[in-house]
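The sequence shown begins at 1 in the UniProt record's numbering and counts up by one.
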Amino acid sequence: MYFLFNFGLVISVFITSSLILLIAIFLIYFSFPLITFGNFFDFFSLKWDEKNNLFGLLPMILGTIYISVLATIFASIMSFSFASLMAFFLPKNSINLLNKFMLFLSGVPTVLYAFIAIFLLVPWLNDILDGQGFSILTASFVLSFVILPTMTIILFNTFNSTFKKIVFAAKSLGATKEDIFFDIVLKNSKKGILSAIILGFARAVGDTMIALMIAGNSLKIPNSILDSARTLTSHIALINANDYESTAFKAIFLCGLLLLIFSFLTVSSLKIINKEKI
């Protein structure tokens, strides 16, 4: 039985690694011709204009960063609050209820979040923000609910495991729950907190539907969170209908390659965090 388990584990790792390698080769192969199309660094310029053969991806890169960072900030505040309450201050019945609520949120399709926001949140923001409902702010706020369950569960498990390790020793010294949480648990949960933030950010970067439906899809570099923007994932979805032989269509493979590189950097950063003594 032990041999079969190890054999199955090796096969699973091999298949997964092979698929990732094939995806990387596929994206590199179709992105490579773009290097011969004028100057490769032109694809990281400020403007996307197919009529004038300008294919700058920088607006989409910055749009991705702005929306993902802001969504992670929103989700970090909410997930930290939920995880803290679940780990220390709520009774068991409330913890189970909140945990089920998080599982429910994680199962809701992102297109449903976007659909509800279009009819409820966007009109309201249009009124109070003078017609700027489709914006980075709106997309980030809605996206924060998508990454909220992931971050909350990671933080809750981190706080809970740390609390169980020191609870008896801390209480024997007369420490209250508040003392244990703020003075001990938080200081010993830095790895878990950073892991939750990084994974939440990575989840936000990979989302398509919310940015596609709510962010406004502007091809200009945003100057504020009230401006509209386009992400790399929504750009891939929008350009997909173009001529297969066009440079614009080939540029989406470069977008995919950038997203794959980001995923690699995310996994690498998590490994570094787990190895370091923080």
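From the three backbone atoms N, C-alpha and C, an ideal C-beta is built for every residue, glycine too.
Restricting attention to alpha helix (DSSP H) runs no shorter than 4 residues, the stretch 186-271 encloses them at 190-206, 209-214, 232-239, ordered along the chain. Within the model, the alpha-carbon separation for leucine 85 versus isoleucine 236 is close to 39 angstroms. Burial state of leucine 21 is exposed, judged by a 10 Å Cβ sphere holding fewer than 16 other Cβ atoms.
Restricting attention to alpha helix (DSSP H) runs no shorter than 4 residues, the stretch 113-179 encloses them at 136-172, ordered along the chain. With 16 or more other Cβ atoms inside 10 Å of its own Cβ, alanine 211 counts as buried. In this structure, threonine 138 keeps its C-beta atom at 8 angstroms or more from the C-beta atom of alanine 169.
Between leucine 226 and serine 135, the C-beta spacing is below 8 angstroms. Note on the stretch 48-110: whole alpha helix (DSSP H) runs with a minimum of 4 residues are 58-84, 92-107, in chain order. Using a Cβ distance threshold of 8 angstroms, isoleucine 198 and leucine 120 do not count as a contacting pair. Distance from the CA of asparagine 52 to the CA of phenylalanine 44, rounded to the nearest whole angstrom, comes to 16 angstroms. The beta carbon of asparagine 188 sits closer than 6 angstroms to the beta carbons of Thr162 from its chain, once the five residues preceding and following it are set aside; these are given in chain order.
When the beta-carbon positions are compared, alanine 202 and phenylalanine 55 stay at least 8 angstroms from each other. A straight-line Cα-Cα distance of about 46 angstroms links threonine 16 and lysine 171. By the Cβ-count criterion, proline 149 is buried, with 16 or more other Cβ atoms from all chains shown falling within 10 Å of its own Cβ. Around glycine 216, the same chain offers Phe134, Ser135, Ser228, Ala229 as residues with beta carbons nearer than 7 angstroms, after the five sequence neighbours per side are excluded.
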